[in-house]
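Student: Numbering (my numbering), first residue to last: 387 to 594.
Quick reminder that beta carbons are idealized off the backbone N, C-alpha and C, glycines included.
Fair warning: this is a prediction, and the values are worked out from it, not measured in the lab.
Once you've had a glance at the structure underneath, I'll fire off some questions.
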């Protein structure tokens, strides 16, 4: 083997070859980082979408549960001279409605009898759907009412309608008109929640 051939076999990389190799490695690393970042962003978007879907499902299930548990029982606010009707629809005026419910599960030691007065309210300024309740239908003081809980966000509207029968049809403002028997519940109730993200969400429940 000649010396020239030995020198050629043992010489290292030239500076140009080294720079080219580093550039290739850097390019591969950048491409890998971009792919990883894209996957992480997609995972975050999927997680956010799943959380939003779960919150929406919980809100609709809770709303439907309240409507199905509606009871033909008046509610006596603290220090009131007259009771409120079982269902009071103020959704058009004040963005809220209230209804009496019964047959609810009661935890051991809880100061309640399985009846509640549930209030759903739209926070028009904050775009939030809120829920609170009285654990009994004749509370002794305002301290018995629970704090409002945020059920759904990005809400633009809340509307209720009640079905009185074939002649009257669907009525808004149930419990306010003297022409409607306030001691009775309607035959059906419809709630429309106007979501900024999902559009109109409709819950319809027929009374037994």
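Among 441, 478, 504 and 581, which one has its Cα closest to the Cα of residue 380?
Tutor: Here the chain has residues from 387 to 594 only, and residue 380 is not among them.
Student: Which residues share a DSSP beta bridge with residue 483?
Tutor: Residue 483 pairs with 475 and 506.
Student: The beta strand (DSSP E) with residue 549 in it runs from where to where?
Tutor: Element bounds for residue 549: 541–549.
Student: Is residue 459 near residue 572, with beta carbons less than 9 angstroms apart?
Tutor: Result no, Cβ atoms of residue 459 and residue 572 do not sit closer than 9 angstroms.
Student: Within 8 angstroms, do at least three Cβ pairs link the region 583–590 to the region 507–524?
Tutor: In short, these stretches do not touch, since the Cβ pair count stays below three.
Student: Helix, strand or coil for residue 559, going by three-state DSSP, please let me know.
Tutor: Coil.
Student: If you reduce the DSSP assignment to three classes, tell me which class residue 535 lands in.
Tutor: Correct three-state label for residue 535: strand.
Student: So what's residue 585 in DSSP terms, helix, strand or just coil?
Tutor: In the structure shown, residue 585 sits in a strand (DSSP, three-state: E or B).
Student: DSSP three-state label for residue 522, please.
Tutor: Of the three classes helix, strand and coil, the one that applies to residue 522 here is coil, per DSSP.
Student: How big is the Cα-Cα spacing for residue 468 and residue 515?
Tutor: Those two C-alpha atoms are separated by around 28 angstroms.
Student: Residue 580 by DSSP, collapsed to three states: which one?
Tutor: Here residue 580 sits in strand by DSSP.
Student: Whole angstroms are fine: how far does the CA of residue 439 sit from the CA of residue 406?
Tutor: Rounded to the nearest angstrom, the two C-alpha atoms are 50 angstroms apart.
Student: Do residue 556 and residue 545 have their beta-carbon atoms positioned less than 9 angstroms apart in this structure?
Tutor: No, these two residues do not count as a Cβ contact at 9 angstroms.
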